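Protein sequence lines, in the order shown, are assigned to chains U and H. 502 is the number of the first residue of the first sequence in our numbering; add one for each residue after it. 7 is the number of the first residue of the second sequence in our numbering; add one for each residue after it. Worksheet for the structure shown next.
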Amino acid sequence: MSERQIQLEVLRYNPETDSEPRFQTYSVPCLNEWVVLDALNYVKENLDTTVSYRWSCHMAVCGSCGMMINGEPKLACKAFIHEYGDQIRVEPMAHFPVERDLVTVVDDFIAKFASIKPYLIPKEEKPVSAGEYKQTPAELLKFKQYTLCINCMLCYAACPQYGLVPQFLGPAAISMAHRYNQDSRDGGRDQRQEVVATNEGVWECSFVGACSEVCPKHVDPAGALQQVKVASTIDWYKEHLMPWVKK
Amino acid sequence: MGEEMSSKPYVREIPKTTWFLRQARYKRYMAREVTCIFIFAYTFLLICGLGALASGPEAFSGFVESLRSPLGVLFNLAVLIMTAYHSVSWFVVTPQAMPIQRGEEFVPGNIIVNAHYGAWAVVSLIILIWGM
């Protein structure tokens, strides 16, 4: 197992003592098969116990360890050391306030995510005795890709629009709205559209496409948002040109 | 959720005018957006042509003459290149915006992109034949 000495530059910010963040460099002996999260854990265990960061599963499922690695939004557990040079810079996710070191304040995302009603709203209530809601494989495929989202928020860290206009509902929330709207068992689209089809909803998106490029689960949020735009435009034309047609 | 963890989270400001210089993908996005200005400029030129046509044969022949000038040719060439870039940059993202599901499978993205190139070629050909 080959070992390499890496200079790990970590953004540090202590709200109790610092007026602004600064970088601190740690020299870390890294094994070639390590990921950046391993290097951070090495720092925490051996060099500096005060470094703060979020992580849990170490297998790109929990979505906790999102951070900027050499300026790119990445999961630290999926960023292999062998893909980088001898100097690696880690910063908290862009576009989010910094709580402490690599930990960000994500309340804004959580509130936005909840606002799109990310759950099935059946078209009509059905008693349990009526049986299950059936779905064909083709109907499942329509939205399956969007169910893979792990809420890691890397898409928000990549989206310049969210950085410039923090009111923007953002890629993951709108993709999740699209996921439920596309579900044949769901009837809640009208309720979600009140939040999604607004200026600060999907129309704030200018299709930079960065969200899809950084998504570790290949959800393609940018694609979802454009599809939401197309559907919302059709709604508008139906409403204004053909008011007699029911949606 | 909702409970404040610290009283002093640090907000890192985004440079309002130079933000797109931070990443190559932002620059590519800006290139796609900025090239639309050339389409606007060409549309303006067409309106000027219509104006000249309405003013009479002399004005129109003057307009046509100006198109043949080196500056006119250079402008047309620049518009052609920029419009082609703009169109191609949109064509490559069409499969994301309009996926087509046939039965259980989605139509491969390259078929959707190539259909756009095909339509572009057909329309261009019709205009070329019509203009000859």
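The beta carbon of each residue, even a glycine, is placed where N, CA and C say it ideally should be. Fair warning: this is a prediction, and the values are worked out from it, not measured in the lab.
CB contact check: residue i to chain U, cutoff 8 Å
i	result
Tyr-123(H)	no
Ile-20(H)	yes
Trp-136(H)	no
Tyr-35(H)	yes
Ser-13(H)	yes
Tyr-91(H)	no
Met-104(H)	yes
Val-17(H)	yes
Met-7(H)	Unreliable positioning characterises Met-7(H) in this predicted model, as indicated by a pLDDT of 48, which lies under 50. The coordinate reading is nonetheless provided below. Answer yes: the Cβ-Cβ gap between Met-7(H) and chain U drops below 8 Å somewhere.
Trp-25(H)	yes
Trp-126(H)	no
Gly-109(H)	yes
Beta carbon proximity, residue i to chain H, threshold 8 Å
i	result
Ala-698(U)	no
Gln-662(U)	no
Leu-642(U)	yes
Glu-546(U)	no
Gln-636(U)	no
Leu-665(U)	yes
Gly-710(U)	yes
Residue i versus residue j - alpha carbon distance
i	j	result
Tyr-123(H)	Phe-97(H)	8 Å
Leu-576(U)	Trp-556(U)	9 Å
Ile-611(U)	Ala-58(H)	59 Å
Phe-581(U)	Lys-718(U)	16 Å
Pro-114(H)	Ala-60(H)	48 Å
Val-715(U)	Cys-653(U)	11 Å
Met-7(H)	Asp-609(U)	With a pLDDT of only 48 at Met-7(H), under the threshold of 50, the placement of this residue in the model should not be trusted, and no figure is reported.
Tyr-634(U)	Leu-83(H)	59 Å
Leu-538(U)	Thr-89(H)	45 Å
Asn-700(U)	Phe-669(U)	8 Å
Ile-507(U)	Cys-531(U)	7 Å
Residue i and residue j closer than 8 Å at C-beta
i	j	result
Leu-603(U)	Tyr-527(U)	no
Val-85(H)	Ala-127(H)	no
His-92(H)	Cys-54(H)	no
Ala-658(U)	Met-743(U)	no
Leu-512(U)	Val-544(U)	no
Gly-702(U)	Val-709(U)	no
Phe-44(H)	Met-36(H)	no
Other residues of its chain near residue i: CB distance less than 7 Å, five sequence neighbours each side excluded
i	result
Ile-622(U)	Asp-687, Gly-688, Gly-689, Gln-692
Val-95(H)	Going by the sequence as given, residue 95(H) is Ser instead of Val. Arg-38.
Val-666(U)	Glu-705
Gln-683(U)	Lys-643, Phe-644
Residues near residue i in its chain [Cβ-Cβ closer than 6 Å; skip 5 each side]
i	result
Cys-563(U)	Ser-557
Pro-101(H)	Gly-115, Ile-118
Close-in-space but distant-in-sequence residues of the same chain around residue i (CB under 8 Å, 5 per side omitted)
i	result
Val-607(U)	Phe-597, Met-654
Which whole runs of the beta strand (DSSP E) in the segment 528-604 of chain U are 3 residues long or more, in chain order?
If we require 3 residues or more, the beta strand (DSSP E) runs fully inside the segment 528-604 of chain U come out as 567-570, 573-576, 588-592, 599-601.
Scan the segment 687-731 of chain U and note each continuous alpha helix (DSSP H) run of 4 residues or more that stays entirely inside, going in chain order.
List check, alpha helix (DSSP H) in window: 690-697, 711-715.
Which runs of the beta strand (DSSP E), 3 residues or longer, sit entirely within the segment 42-127 of chain H?
Assignment of beta strand (DSSP E) within the segment 42-127 of chain H, counting only whole runs of 3 or more residues, yields no such run.
At which residue ranges does the segment 598-642 of chain U contain complete alpha helix (DSSP H) runs of 4 or more residues, listed in the order of the chain?
With a minimum length of 4 residues, the continuous alpha helix (DSSP H) runs that stay inside the segment 598-642 of chain U are 608-616.
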